[in-house]
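*Asks:* From first to last, the protein sequence lines stand for chains X and Z. Read left to right, the first sequence gives residues 1 to 392 (our numbering). Read left to right, the second sequence gives residues 393 to 784 (our numbering). Idealized CB from N, CA, C, for every residue including glycine. Please find one structure pasted underneath; my questions will follow.
2 protein chains.
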Amino acid sequence: MADFVRLGIIGIGNQGGNYSRCLTTDPNWCPEIRLAAIADRNPARAEWAKANLGEGVACFSDPIEMLDSGLIDACVVSIPHYDHPKYVMECMKRGIHVMCEKPAGVYTKQVREMNEEAKKHPDVVFGMMFNQRTNCLYRKMRELVQSGKYGRVRRANWLITNWYRSQFYYDSGDWRATWSGEGGGVLLNQCPHQLDLWQWILGMPKKVQAFMRYGQWHDIEVEDDVTALMEYEDGHTGVFITSTGDPHGSNRFEVQMDGAQLVVENDQLRVYELEALEQDWTKTNRQPFGCVPGRSFIAETDGENPQHRGVLTRWAAAIREGTPLVAGGAEGINGLTLSNAMHLSAFTGAPVTLPLDEARYERELQARAAASRRKVTQAVFADTSDTFAGAR
Amino acid sequence: MADFVRLGIIGIGNQGGNYSRCLTTDPNWCPEIRLAAIADRNPARAEWAKANLGEGVACFSDPIEMLDSGLIDACVVSIPHYDHPKYVMECMKRGIHVMCEKPAGVYTKQVREMNEEAKKHPDVVFGMMFNQRTNCLYRKMRELVQSGKYGRVRRANWLITNWYRSQFYYDSGDWRATWSGEGGGVLLNQCPHQLDLWQWILGMPKKVQAFMRYGQWHDIEVEDDVTALMEYEDGHTGVFITSTGDPHGSNRFEVQMDGAQLVVENDQLRVYELEALEQDWTKTNRQPFGCVPGRSFIAETDGENPQHRGVLTRWAAAIREGTPLVAGGAEGINGLTLSNAMHLSAFTGAPVTLPLDEARYERELQARAAASRRKVTQAVFADTSDTFAGAR
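So, in structure tokens, the structure goes:
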């Protein structure tokens, strides 16, 4: 076994650029990975890479040339969403381990194809960059929900409106917030993490109904305001509300269960633990205004929240030692299914039952992409290292 | 002017019973009002009144006899909801000032008739028992929302799921939680306060769409789980979620505005005040991930939250001195319109545009009432004095 994984990065815009900086400037950031090459079609980014990443990093303008170079064992795909499945599959076909940025793709049909390809390459370690799964609060919440000790879920409610983005942000890339460039708005760009956590913690619903506003708070053609209702097989419901237009929004995720209320907010997981499951307690209660007694506490966690570094470290370990990933690549389709179902419901004004009609969704999306108003803008690159801090 | 108002109460079940206790045992509770008479058809309650309220309180089994007795100047109507308009109008026709318990009625058509009758009696002081309007937190929130300093509302979200009720509660009265007895569930019994506050603070939407579960968490025929989406003329939205089935629920009311976020939760009004309205700030912002700067604080209020006592005191002052009420009687129709619109949307599976088709709603409701499964139960009376404490 080599001492480290030789990494390539396709796309060193905001996110890929951060990885390349961290890997080349901080030897402790992820010691099992060494940056060997990058590929970016944008000449300005390639120049930046040559000037900043050191002589040990080969720079390519063509991603395929990098994949064929023999310089890398593993590759991060960090480009606009539509092309994620394409380059992930190019990696797989060459036996190169691959980490896909979120979302897995723009529509589930292309992601299903990617997952089918993955099955043909069992030796390729395929991961999804669901860095929020490393957050101790969500890991603890999942553990409590799935432990069985609190019974079943009764309701889930995620108000995730602290994704404020300015008009300048949207104007900073011609692909941003367009049907042809991103295939959606807040659901495709900001929320893939929360949609993944939702399904990771709560499972998949059977029915989705969503209400969206397109360009309600910005001069963009895609959604920047979403309210979605989800219904589960056992009758419980969930509401997911998001926006990039709330100038100071919230991030509050509540799960009500038979025997507890769990709330992640303000960097804490608060638990209200009942002394009994409600359905048991109510059988003998004789107080008209009685409630199940209980107690409130802040859940203890391991305090770890290593984010992207944690996902890459676990990926390197999976490659070198076969240990489990933070998120397997094939799991990316679930959150995207929620996202696509929300869009389809909003497009058609009707509830959408899962499994999703993927061909119909692709048609609806392509019709919008064909009519897309591609913006003329000056690309701006930004340090995003502060934008994924966690549950705040 | 007499030294005090001579009060009658129709119905001394839970709520009316509390008033009668407070007025006869604590001379400082509401000194401008003296309890002169009560009327209750239930012999057990009349016996209780004779034994507990003192010789100065006349007891009637027939409310009309009490109204015709000449013993009272003013009357509280505290009986099951369907009969609110009927007895309120009986008071008005006799020139007796009247305070109606929430909700104003069960369907807006009967409340509109009551409001028409009120116009014929301008000297009758007609109030609604919207005691939550006396809560300093909601008064302050309304003041801030309507002040104009924070611009327009962008989103409102009320998660009001701390209305847990046990099966025993529902079994404690044969009228409870039936279409024929209450005309609905959590929206008619528990939420009239919040629906009134919603319209009092935010105004009326143009469109309502609601999703309900009937008897999801209890053996009842009416709704105990509601998610409602509201849309306003200017494009902003609101979500209202309530239930009596969450064993430990929440009460969190958030209003997002152009220049502030306001949250009432845990007996506090938290304000995040931006340095500028978002639409002004974004014009000159050149940071891709920038947000409008601001600061967070707990709003100062007058700390007053006199609840029912406050409503009755202001009503007595209005009768004696012509000062303003906490809530005029005619305003009761607004919250009930929201409630009826939510039911109509859930009944029909479609959004409802306001103004409401009141005749259609009455038909839909009456059809359900006609098929109602009236329970056989033993009536239980409870001390509700702890159930209306405020914003907790």
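Restricting to Cα atoms, I'd like to know which of X:L262, X:R34, X:A39 and X:W175 is closest to X:G16.
*Replies:* Per the Cα distances, X:A39.
*Asks:* State the beta-bridge partners of X:D225 as determined by DSSP.
*Replies:* Beta-bridge pairing links X:D225 to X:R213 and X:S243.
*Asks:* What three-state label does DSSP hand Z:G782 in the structure shown?
*Replies:* Residue placement at Z:G782 is poorly supported in this model, since its pLDDT is 35, which falls under 50; the coordinates are not used for a value here.
*Asks:* Taking only the alpha-carbon atoms, compute the straight-line gap between X:L188 and Z:W555 and give it to the nearest angstrom.
*Replies:* Distance between the alpha carbons of X:L188 and Z:W555 is about 36 Å.
*Asks:* Listed from N- to C-terminal order along the chain, which residues in the region 608 to 634 of chain Z have their beta-carbon within a distance smaller than 9 Å of any beta-carbon of chain X?
*Replies:* Residues passing the 9 Å Cβ filter: Q608, W609, H610, D617, T619, L621, E623, G627, H628, T629, V631 and I633.
*Asks:* Please decide whether X:R286 counts as near chain Z, where near means a Cβ-Cβ distance under 8 Å.
*Replies:* With 8 Å as the cut-off, X:R286 counts as an interface residue toward chain Z.
*Asks:* Can the beta-carbon of X:G54 be found less than 8 Å from the beta-carbon of X:M99?
*Replies:* Their beta carbons are not under 8 Å apart, which means X:G54 does not touch X:M99 by this criterion.
*Asks:* Closest Cβ-Cβ distance between X:E331 and chain Z: below 8 Å?
*Replies:* Judged by the 8 Å Cβ criterion, X:E331 is not in contact with chain Z.
*Asks:* Under 8 Å between beta-carbons, which chain X residues line up against Z:S683? List them in chain order, please.
*Replies:* This sequence places Cys at residue 683 of chain Z; Ser is not what is there. Neighbours of Z:C683 on chain X, chain order: Y164, S166, P247 and H248.
*Asks:* Classify X:E254 as helix, strand or coil using the three-state DSSP reduction.
*Replies:* Looking at X:E254 - three-state DSSP - the assignment turns out to be strand.
*Asks:* To the nearest angstrom, report how far apart X:C136 and X:F130 are at their CA atoms.
*Replies:* So the alpha carbons of these two residues sit roughly 13 Å apart.
*Asks:* Shorter than 8 Å from the beta carbon of Z:L666 to some beta carbon of chain X?
*Replies:* Chain X, which has a Cβ nearer than 8 Å to the Cβ of Z:L666, makes this yes.
*Asks:* Looking at C-alpha atoms only, which residue of X:E223, X:R373 and X:E116 is the closest neighbour of X:C191?
*Replies:* Nearest option by C-alpha distance: X:E223.
*Asks:* Would you check if the distance between the CB atom of X:Y150 and the CB atom of X:E362 is smaller than 8 Å?
*Replies:* Cβ distance not < 8 Å, so X:Y150 and X:E362 don't count as in contact.
*Asks:* Quick one: using the 10 Å Cβ neighbour count with 16 as the cut-off for buried, is X:D258 buried or exposed?
*Replies:* Classification of X:D258: buried, given that the 10 Å Cβ count is 16 or more.
*Asks:* Do you know offhand how far Z:I690's Cα is from Z:L661's?
*Replies:* Distance between the alpha carbons of Z:I690 and Z:L661 is about 6 Å.
*Asks:* Using 8 Å as the threshold, is the C-beta distance between Z:C422 and Z:T705 below it?
*Replies:* Yes, they are a contact pair.
*Asks:* Contact criterion: CB-CB distance below 8 Å. Does X:Y82 meet it with respect to chain Z?
*Replies:* Output row for X:Y82: interface = no.
*Asks:* Am I right that X:P85 and X:G70 are in contact with their C-beta atoms under 8 Å? What's the rounded C-beta distance?
*Replies:* About 24 Å separates the two Cβ atoms, so there is no contact after all.
*Asks:* Could I get the ranges of all uninterrupted alpha helix (DSSP H) runs contained in the region 494 to 574 of chain Z, with 4 residues as the minimum, in chain order?
*Replies:* Counting only runs of 4 or more, we get 500 to 511, 528 to 538 and 559 to 562.
*Asks:* Could you pull the start and end residues of the beta strand (DSSP E) that Z:H452 belongs to?
*Replies:* It is worth fixing the name first, because residue 452 of chain Z is Phe in this sequence and not His. Taken as a continuous stretch (DSSP letters only), the beta strand (DSSP E) holding Z:F452 covers A450 to F452.
*Asks:* From which residue to which residue does the beta strand (DSSP E) around X:R34 run?
*Replies:* Note, X:R34: beta strand (DSSP E), I33 to A39.
*Asks:* Give the residues from the region 167 to 196 of chain X that approach chain Z closer than 7 Å (Cβ to any Cβ), ordered along the chain.
*Replies:* Cβ contacts with chain Z come from Q167, F168, Y169 and S172.
*Asks:* What did DSSP end up calling Z:T776 once you bin it into helix, strand or coil?
*Replies:* Low local confidence applies: a pLDDT of 48 at Z:T776 is under 50, so the model's placement there is unreliable, with the coordinate-based value given in what follows. Reduced to three states, the DSSP call for Z:T776 is coil.
*Asks:* Per DSSP, Z:V490 is paired with what?
*Replies:* Beta-bridge pairing links Z:V490 to Z:C467 and Z:F518.
*Asks:* Under 8 Å by Cβ, that's how I've got Z:A436 and Z:C451 pegged, so tell me the actual separation to the nearest angstrom.
*Replies:* Not a contact, Cβ separation roughly 12 Å.
*Asks:* Secondary structure at Z:T379, three-state DSSP: helix, strand or coil?
*Replies:* With chain Z covering 393 to 784 only, the question about residue 379 of chain Z has no answer from this structure.
*Asks:* If we define contact as Cβ-Cβ less than 8 Å, is X:R45 a contact residue for chain Z?
*Replies:* So, not an interface residue.
*Asks:* Along the alpha helix (DSSP H) that carries X:F347, what are the first and last residues, could you check?
*Replies:* Counting along the chain, the alpha helix (DSSP H) containing X:F347 begins and ends at G332 to T348.
*Asks:* Let me confirm a value: Z:S737 is counted as buried when at least 16 other C-beta atoms fall within 10 Å, else exposed. Which label applies?
*Replies:* By the 10 Å Cβ count, Z:S737 comes out buried.
*Asks:* Which residue from X:V292, X:R94 and X:V76 puts its Cα closest to that of X:D280?
*Replies:* Comparing Cα positions, the closest option is X:V292.
*Asks:* Of all Cβ atoms in chain X, is any one closer than 8 Å to the Cβ of Z:E493?
*Replies:* No, Z:E493 does not count as interfacial toward chain X.
*Asks:* Going along chain Z in order, which residues have a C-beta closer than 7 Å to the C-beta of X:G17?
*Replies:* Within chain Z, no residue comes near X:G17; the closest Cβ sits about 13 Å away, beyond 7 Å.
*Asks:* Just checking: is the beta-carbon of X:R295 within a distance shorter than 8 Å of some beta-carbon in chain Z?
*Replies:* So, not an interface residue.
*Asks:* Identify the contact partners of X:R213 in chain Z, using a Cβ-Cβ distance below 8 Å as the criterion.
*Replies:* G627 and T629, listed in chain order.
*Asks:* Cβ atoms of X:V264 and X:Y138: under 8 Å apart, would you say?
*Replies:* Yes.
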